[in-house]
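Report on the structure given below.
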Amino acid sequence: PPLDHRTPHEKPPVASFPSLAICRNDPPGPSAATATQELLRLAEGSPEGLPLLDPVNNLQLKDLEVVEHMIRARGLEERLPEFQCVHSPLFHIEFVRFRERQRVLDELDQLRFLLSDQSLLLLPEYHQRVEVLRSLGYINEGGAVEL
805 PPLDHRTPHE KPPVASFPSL AICRNDPPGP SAATATQELL RLAEGSPEGL
855 PLLDPVNNLQ LKDLEVVEHM IRARGLEERL PEFQCVHSPL FHIEFVRFRE
905 RQRVLDELDQ LRFLLSDQSL LLLPEYHQRV EVLRSLGYIN EGGAVEL
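Adding 804 to a residue's 1-based position in the sequence shown gives its number in my numbering.
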């Protein structure tokens, strides 16, 4: 897919959604009108933006790893204005490059895992083959190969 050159906060134009073009001239239903009015009321009541939901308190998340990631993310968000790179006119270009690099590194990690012994242990086919070798006497009960 082509690289997305928008900054992380830019939204795609409505015209880029073909399914919306079909309904563009249709009047909104009552639920859509009510939702729009409620969103407008919330937006007008918070000119600086709505407060973010707290995953621990608002969403009742208790997973320790998720909580730790949220604490780290909050700390980084608070320090973001201190970073000089975000004020660069080339930031959005560099961010796109960085995001693409991270995507490739994540894919590489996934491929390495799929090639690992740890991944094999998750495959039912691997376990079936081990059982066949065990039944033929090529693998003992401890999992060692016997010739």
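Backbone N, C-alpha and C define an ideal beta-carbon position, used for all residues, glycine too.
The beta-carbon separation of L854 and L846, rounded to 6 Å, stays under the 8 Å limit for a contact. In this structure, V870 is the residue among S850, P851, V870 and G849 with its C-alpha nearest to the C-alpha of P859. The beta-bridge partner set that DSSP reports for V934 is empty. CA-to-CA, the gap between V908 and S920 works out to about 18 Å. Scanning V949, P832 and T838 for the CA closest to the CA of V934 turns up V949. Beta-bridge partners of I875 (DSSP): none assigned. Here V949 carries a strand assignment [DSSP, helix/strand/coil].
With a beta-carbon spacing of about 11 Å, I943 and L951 fall beyond the 8 Å limit used to define contacts.
When DSSP assignments are scanned along the segment 844-902, the uninterrupted stretches of alpha helix (DSSP H) that are 4 or more residues long and fall wholly within it turn out to be 868-883. For L884, the CB contacts under 7 Å within the same chain, skipping 5 residues up- and downstream, are V890 in chain order.
Here D830 has no same chain residue with a Cβ atom under 8 Å from its own Cβ, once five neighbours each way along the sequence are excluded.
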